[in-house]
Amino acid sequence: MPLIPELEKPSLPPSLWAATATEEPCQAPPLTGEASAEVLVIGGGYTGLSAALHLAEQGRDVLLLDAAEPGWGASGRNGGQVIPGLKDDPEAILEHYGQDVGNRIVGTVGGAADAVFDLVRRHGIACDAVQNGWIQPAHSPQALEVATARARQWERQGVDVRLLDADQVHAMIGCQPLYHGGWLDPRGGSVQPLSYARGLARVATSHGARLHGNTRVLRLQREGAEWRAVTGSGEVRARQIILATNGYTDALWPGLRRSVVSLFSQQIATAPVPEELRARLLPGRQSVSDTRKLLWYFRLDAHGRLLMGGRGEFSDRPTLEQGKPLLAPLRKLFPELTDLPLEYSWAGRVAMTRDHLPHLHVLEEGVFAGLGFNGRGVAMGTVMGRLLAELAGGRPPEEMPYPVTPLKPIPFHGLHRPVTRMLIHYYKIFS
Ligand SMILES: Cc1cc2nc3c(=O)[nH]c(=O)nc-3n(C[C@H](O)[C@H](O)[C@H](O)COP(=O)(O)OP(=O)(O)OC[C@H]3O[C@@H](n4cnc5c(N)ncnc54)[C@H](O)[C@@H]3O)c2cc1C
331 MPLIPELEKP
341 SLPPSLWAAT
351 ATEEPCQAPP
361 LTGEASAEVL
371 VIGGGYTGLS
381 AALHLAEQGR
391 DVLLLDAAEP
401 GWGASGRNGG
411 QVIPGLKDDP
421 EAILEHYGQD
431 VGNRIVGTVG
441 GAADAVFDLV
451 RRHGIACDAV
461 QNGWIQPAHS
471 PQALEVATAR
481 ARQWERQGVD
491 VRLLDADQVH
501 AMIGCQPLYH
511 GGWLDPRGGS
521 VQPLSYARGL
531 ARVATSHGAR
541 LHGNTRVLRL
551 QREGAEWRAV
561 TGSGEVRARQ
571 IILATNGYTD
581 ALWPGLRRSV
591 VSLFSQQIAT
601 APVPEELRAR
611 LLPGRQSVSD
621 TRKLLWYFRL
631 DAHGRLLMGG
641 RGEFSDRPTL
651 EQGKPLLAPL
661 RKLFPELTDL
671 PLEYSWAGRV
681 AMTRDHLPHL
691 HVLEEGVFAG
701 LGFNGRGVAM
711 GTVMGRLLAE
721 LAGGRPPEEM
731 PYPVTPLKPI
741 PFHGLHRPVT
751 RMLIHYYKIF
761 S
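Residues 331 to 761 (this note's numbering) are what the sequence shown spells out, left to right.
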């Protein structure tokens with residue numbers, strides 16, 4: 331019995347992104363029979379595709395397998411907000427991890443959004459990419475203090491942040507006066523997430539990576555100096571393996587699934603906002619995620635639809651009806667959009683970690699994993715792929731620009747849903 335039943339039904343779930351993607355699905359036929367490669371990448375989201383692309387650029391012989399099509403997971407279904415940084419602030423990271431490790435983490439995550447836009451530019455990926463900033467509005471006076479301190483910390487790291495008072499926030503968002511101020515991070519922006527994933531797949535292929543979809547890896551076995559990855563219809567032999575399965579991680583590697591908590595996040599999109607309202611609704615087209623624990627995150631797409639996201643309780647294929655709870659924040663912020671029809675509702679799995687950091691592991695000699703983006707993997711998944719490619723290229727873990735840590739399964743992980751929820755609050759992974 332698969333741990334992720336949805337992977338047994340691997341067609342692309344309906345979403346705004348599936349309906350509007352500009353990049354075509356790349357050629358990724360199922361693997362049949364026997365194949366071999368220097369490096370086998372398992373998982374075809376941003377992490378796996380970026381790993382495959384960076385490896386192929388180095389001239390490595392790389393083969394990627396995905397249980398569905400590349401971009402099928404969260405990478406083809408997210409909000410498309412390209413956000414640098416993590417939930418923890420730079421100085422908290424420096425204090426907790428010390429100058430050496432702390433600086434590596436802050437430097438890597440701080441440059442993550444630029445890494446996305448650079449790749450898009452360098453390879454001409456058609457994904458409506460705009461690097462016009464990310465706004466974090468504060469929902470309470472206390473949250474404003476925290477957000478201001480965060481902005482100041484990034485400023486001390488050399489980022490040209492902009493502090494915003496309440497009037498400026500409301501003018502930039504064009505919403506009701508619900509916020510107390512906030513800040514703008516100029517490094518952020520947005521992409522059409524599925525087009526971005528497909529673009530990465532196309533470019534990886536053009537550099538020689540072999541991609542196969544509808545091919546779930548069922549088992550990994552060590553055979554001498556090689557690994558044998560067994561699928562339903564074939565097998566791959568490779569000296570190195572990269573696991574890039576994030577919220578869809580199954581039992582393939584002992585303990586990996588239990589090192590993260592996999593949760594659904596959900597999105598809705600309205601019909602295009604009427605022309606007369608567009609001039610004042612997010613006129614700068616920035617992405618927004620506020621400071622609430624269960625945050626509201628929203629933006630416009632390239633066609634003027636308003637997207638709203640939040641925690642979801644459902645499945646990989648929520649109905650429109652199941653998306654309706656997200657209309658409540660949308661209507662509070664933009665009451666003039668109350669009658670605008672809801673056109674799409676979709677969801678996917680994110681992977682949360684106890685320490686709020688993405689994890690990079692060397693699981694065994696020649697086996698690498700990167701996961702746990704805590705709902706912020708557009709930028710960081712892309713960078714994680716590059717880090718995984720560097721590890722597979724022989725860079726020693728102690729010289730990596732991001733710390734390599736041991737795998738640590740979360741205690742009591744297997745308990746059922748209510749307990750997982752309790753753990754979520756306990757670990758404050760949404761803070
Ligand atoms: C609704 C939603 C909104 C989000 N919004 C944002 C946002 O605005 N900004 C942001 O930064 N992040 C956002 N995220 C998070 C972001 O999408 C993820 O962090 C990121 O896409 C993770 O990429 P990935 O490549 O690691 O994993 P995924 O894209 O999830 O890919 C994992 C892949 O592994 C494959 N797989 C699993 N097991 C196997 C196996 N055994 N064999 C073969 N293949 C396997 C799956 O088929 C899947 O395609 C959001 C996520 C969701 C769901």
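Beta carbons are placed, not taken as given, at the ideal position from N, Cα and C, and that holds for glycine.
Could you work out which residue in the options is closest to residue i when comparing CA atoms only?
i, options, result
"Q522", "N433, L625, A404", "A404"
"E606", "R615, G634, R588, S617", "G634"
"L573", "F644, A349, L693", "L693"
"Q487", "E475, G512, L424", "L424"
"F628", "A349, I413, A367, L370", "I413"
"V773", "H689, T545, L449", "Lying outside 331 to 761, the shown extent of the chain, residue 773 is not represented and no answer is given."
"P584", "R549, A365, D444", "R549"
"P420", "A481, R390, A349, G562", "A481"
"C457", "G406, G437, L494", "G406"
"I598", "H426, L630, A473", "L630"
Going by DSSP, what residue range makes up the beta strand (DSSP E) through residue i?
i, result
"D515", "512–515"
"S470", "No beta strand (DSSP E) holds S470; DSSP gives it neither H nor E."
"Y427", "Run containing Y427: none in the beta strand (DSSP E); it sits in the alpha helix (DSSP H), 420–440."
"Y674", "672–682"
"I413", "Here I413 belongs to no beta strand (DSSP E), and DSSP marks it neither H nor E."
"V547", "547–553"
"H691", "689–694"
Within 8 Å of any Cβ in chain D, is that where the Cβ of residue i sits?
i, result
"L612", "Absent here is chain D; the protein component of the structure consists of one chain."
Look at the Cβ atom of residue i, then the Cβ atom of residue j, and state whether they are nearer than 8 Å.
i, j, result
"N408", "V708", "yes"
"G441", "P516", "no"
"H510", "A496", "yes"
"A677", "T579", "no"
"Q616", "L656", "no"
"Q506", "K662", "yes"
"L611", "S619", "no"
"T535", "Q357", "yes"
"Y376", "G715", "yes"
"S520", "V460", "yes"
"W484", "V476", "no"
"R622", "H469", "yes"
"L593", "R679", "yes"
Starting from residue i, follow the alpha helix (DSSP H) in both directions and report where the run begins and ends.
i, result
"F594", "No alpha helix (DSSP H) holds F594; the beta strand (DSSP E) holding it covers 591–602."
"T561", "Per DSSP, T561 belongs to no alpha helix (DSSP H); it is in the beta strand (DSSP E), 556–561."
"S380", "376–387"
"A568", "Counting along the chain, A568 falls outside any alpha helix (DSSP H), though it belongs to the beta strand (DSSP E) covering 564–573."
"I503", "496–503"
"V713", "707–722"
Look at the alpha carbon of residue i and the alpha carbon of residue j, and state the distance between them as a whole number of angstroms.
i, j, result
"L713", "G614", "It is worth fixing the name first, because residue 713 is Val in this sequence and not Leu. Cα to Cα, V713 sits roughly 26 Å from G614."
"A719", "A382", "7 Å"
"A555", "R641", "43 Å"
"Y757", "I740", "With a pLDDT of 43 at Y757, under the threshold of 50, the modelled position of this residue cannot be trusted; read the value that follows with caution. In a straight line, the C-alpha of Y757 is about 11 Å away from that of I740."
"G700", "R540", "20 Å"
"T362", "A386", "22 Å"
"D430", "G724", "21 Å"
"A601", "L508", "24 Å"
"G378", "T575", "8 Å"
"Q498", "P359", "50 Å"
"E666", "A581", "47 Å"
"G374", "S675", "23 Å"
"K738", "S645", "27 Å"
"V369", "P467", "43 Å"
"F447", "A367", "30 Å"
"V734", "H689", "7 Å"
"G432", "M730", "13 Å"
>> Contact between the segment 388–403 and the segment 527–535 is defined here as three or more beta-carbon pairs at a separation below 8 Å; is this criterion met?
In response: Judged by Cβ distances under 8 Å, the segment 388–403 makes contact with the segment 527–535, as three or more pairs qualify.
> Quick check: the segment 540–556 against the segment 567–581, are there 3 or more CB pairs under 8 Å?
Replying inline: Output reads yes: the segment 567–581 touches the segment 540–556.
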